[in-house]
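Sequential numbering from 5 applies to the sequence shown in the working numbering.
Cβ coordinates follow ideal geometry from the N, Cα and C atoms, glycine included.
First up is the structure itself, then whatever we jot down about it.
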Amino acid sequence: MESIESGHPAASEIALQPAAGAGLYPEPEWITRAADEFGWAWARQNWQRASRVHGAWFDVAKADAVVEAFPGWFTLTTLRFAGKPFRLQFWQEVIVRLLVGWKAPNEILDPETLRPIVVHVRVFQELRLWVPRKNGKSEFFAALALYFWYYEGSYRGTGFVFAHDEAQAREVFDKMGDMVGNSPTMKKAVRVLNRQLWVQKIKAPFRLMPGKAKGKQGRAPAVTVGDEMEEWVSRALADALRQGEGAQLQPMRLYAGTAGLKTQVVGRELYQESEKLLDGRLDDPSVMVVIFAAGEEEDWKDNNIIKRVNPSIGLSPTMKFLLSEKAKALESPRAEAEFRRYHLNQWIEDLVRWIPIKTWDACCEDKDAWRVWGDETADGRIAAGRSCVMSFDSTQNFDFAQICWRFDPEKPGEKPKLLWKFFLPVATIAARGRAENKINDFDFWVKSGLLVAIPGEVFELRYAIAEVRKSMQRWNVRKIGYDPFQAAPFYSELVNPQTEDRALPEDLFAVLRFGTKTLGPPTKEFERKILGGEIDHGGNPIARWMMTHCHVRFDENMNFVPAKKRSVQSIDGIVGAVMTEAMAMALPDTTIVTIPDNYRISA
């Protein structure tokens with residue numbers, strides 16, 4: 005074991021002063037540089053917060069020694085950096101100096117004499133780091149955890165690492181193991197196991213934990229690492245570990261995160277609490293807060309802001325990468341939200357507008373193609389026998405029921421074609437036309453054959469079933485995807501008809517339940533193709549209207565799907581198109597459903 009205290013007194017003459025303050029400890033050059041040259045206000049704020057602690061003093065020798073020793077102790081572990089000495093970048097150096105340098109007196113009982121004595125311990129005993137992705141926070145925290153657990157280790161001083169789930173916690177834990185293996189000193193003393201590091205000399209473990217509080221009471225951590233704060237669903241585990249620190253003189257909690265969705269309540273509260281700690285609205289000088297984030301009113305497209313909030317830029321991420329991501333973000337509100345969350349550290353809404361209508365409009369070679377594609381007699385119609393997949397989404401009365409066809413390209417350079425047919429009860433058409441001031445539009449859609457007006461007040465599945473049977477006779481339908489909600493009879497009647505109609509094979513159908521697990525990947529692929537102009541939707545006016553108000557919703561991992569329940573108006577046709585994309589992604593090119601020779605439509 006090595007100790008950074010070797011050769012350095014635990015307390016100097018200055019340490020005996022009752023308080024530090026700006027006069028005793030004027031702002032050093034590296035704080036001024038961080039705040040004024042780089043725009044990192046947190047550096048000055050944390051320096052000032054620590055200086056106001058009664059009796060606080062700054063151990064310059066300790067801070068210098070740790071920074072100097074860092075590349076000799078630790079290595080980087082991934083990609084082109086693997087095995088390289090861990091040389092602290094300036095932002096990391098500032099954090100390390102603040103963490104290890106500031107100390108304050110603490111009165112305790114001497115365990116041998118039981119008399120009061122004064123020891124000097126770190127002022128900062130918790131770090132909350134909020135930084136955009138790909139800036140090396142996991143690697144940095146792995147090194148910090150090893151420093152506080154091993155190089156400043158205490159007998160039976162236990163370390164823990166957790167996150168929202170174990171896989172994320174392993175990001176830090178595995179890097180710690182790699183750093184141990186790369187260090188001539190540590191690899192002799194530290195045993196690396198699957199879920200634990202172990203130092204025999206001081207009987208100290210460092211354990212990988214699942215992200216749940218159950219059964220974690222009674223722990224006595226010296227060092228705790230908590231990653232991905234934005235994804236925490238509870239503070240119970242962090243609280244349980246903190247409450248076990250009572251016997252520790254200077255425990256260390258290292259928490260890291262990146263902005264998330266505003267609906268992620270726990271993470272949002274932690275971030276807002278961090279802001280209040282930093283600006284003085286909350287008073288807890290033991291918590292050091294570091295935030296790299298663009299302000300709500302700042303121009304997210306400004307490259308200078310992008311550089312400021314990504315402190316490791318040039319190493320990871322590269323400016324080329326960020327500019328490429330910014331270019332994608334300019335293409336759609338959805339991509340913009342993702343960029344602002346991950347690369348500008350801004351909290352975002354879980355619901356955003358999707359594809360700009362100009363981008364949608366560019367995805368058709370002829371804006372009137374919808375008029376002829378489905379017409380059995382018109383020139384330019386989609387030829388009989390052409391290969392396609394279909395989707396069906398049902399309704400009861402108010403929303404549109406829809407069928408969407410996606411036709412495969414027949415020759416090089418041709419794009420998949422999308423064709424729709426929509427259904428609404430007559431009563432609903434009248435009511436919606438008045439409520440939405442779209443009477444003329446609904447009338448036009450009905451007269452042009454885009455919208456089938458069903459007599460009465462309720463949608464009847466037999467209309468969609470008849471359309472499927474007609475399509476089976478006309479085209480080579482390879483797969484039919486459907487949402488079983490309100491549509492169970494749709495499947496039953498087609499595979500087990502109660503009429504003389506031929507039963508369709510069961511494996512022709514695919515259940516597509518609405519959620520990110522099922523429709524997340526095809527939604528992303530559909531967006532990619534629309535942005536790249538790789539789909540032709542024929543200018544369908546109902547689908548266009550739906551795209552003008554189509555939103556997508558995110559989950560905590562930024563998977564997204566059309567927000568069917570939360571969009572202000574109907575987006576059923578867009579959902580149907582995504583469903584056909586799901587089937588196109590799943591089907592190999594060789595999959596063809598054979599239509600029986602005696603297949604026919606009943607009269």
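Cutoff 7 Å; reference residue i; Cβ partners in own chain excluding five residues on either side
i, result
"L281", "D288, V291 and V293"
"A251", "A224"
"M323", "I317"
"S574", "D403, F404 and M550"
"D372", "G543"
"I599", "Residue confidence is low: I599 scores 40 on pLDDT, short of 50, so the model does not pin down where it sits. No coordinate-derived value is stated."
Reduced DSSP category for residue i - H, G, I as helix; E, B as strand; rest coil
i, result
"L113", "strand"
"T584", "helix"
"A146", "helix"
"W134", "strand"
"M292", "strand"
"T82", "coil"
"A45", "helix"
"R557", "strand"
"K207", "coil"
"H58", "strand"
"I484", "strand"
"R195", "strand"
"M589", "helix"
"S320", "coil"
"S452", "coil"
"T262", "coil"
"K533", "helix"
"W424", "strand"
"G181", "helix"
8 Å Cβ cutoff met for residue i and residue j
i, j, result
"K419", "E585", "no"
"V98", "A47", "yes"
"P429", "V462", "yes"
"G76", "N186", "no"
"G230", "L201", "no"
"L498", "L508", "yes"
"F62", "W106", "yes"
"G577", "F426", "yes"
"G485", "A514", "yes"
"Q96", "F144", "yes"
"N314", "N441", "no"
"P493", "L465", "yes"
Identity of the residue in the options nearest residue i by Cα
i, options, result
"D283", "A54, H168 and A73", "A54"
"E504", "A108, R473 and Y467", "R473"
"W377", "R478, R285 and V57", "R478"
"V270", "A387, L241, W95 and W358", "L241"
"V565", "L133, F74, F166 and L516", "L516"
"V57", "P416, V125 and G389", "V125"
"F518", "N561, K569 and Y346", "K569"
"A388", "D370, C367, F411 and E369", "F411"
"Y259", "V135, M562 and K415", "V135"
"G643", "Q93, A435 and K362", "The displayed coordinates of the chain run from 5 to 607. Any statement about residue 643 would go beyond what the structure contains."
"S571", "V582, H555, L150 and A208", "H555"
"D531", "V582, R119 and S395", "Per the sequence presented here, residue 531 reads as Glu, with Asp not at that position. Nearest of V582, R119 and S395 to E531, Cα basis: V582."
"G460", "T36, E380, A434 and K191", "A434"
"N480", "D370, S320, I112 and S391", "S391"
"L512", "F42, R119, K266 and S395", "S395"
"N198", "T189, A171, K207 and M190", "A171"
"V104", "Y151, D114 and K421", "Y151"
"P526", "R436, K192, D559 and G580", "G580"
Anticipated Cβ contact below 8 Å, residue i with residue j, distance rounded
i, j, result
"R174", "L212", "7 Å"
"D540", "C367", "6 Å"
"Q247", "Q129", "Not a contact, Cβ separation roughly 14 Å."
"E273", "L286", "That pair is no contact at about 12 Å."
"D354", "R557", "6 Å"
"M551", "W364", "5 Å"
"P209", "T162", "6 Å"
"Y275", "K207", "Contact flag wrong, Cβ pair sits at about 37 Å."
"K483", "V393", "5 Å"
Contact set for residue i: own chain, Cβ-Cβ below 6 Å, skip 5 residues either direction
i, result
"G264", "E234 and G271"
"N50", "L102 and M292"
"A590", "none"
"V196", "G181 and V184"
Cutoff 8 Å; reference residue i; Cβ partners in own chain excluding five residues on either side
i, result
"F343", "W304, E329, K330, K332 and A333"
"D383", "V376"
Cβ of residue i within 8 Å of any chain D Cβ
i, result
"V176", "Included in the structure is just one protein chain, with no chain D present."
Distance cut-off 7 Å: residue i Cβ against heavy atoms of the ligand FAD
i, result
"G248", "This structure lacks the ligand FAD; in fact it carries no ligand of any kind."
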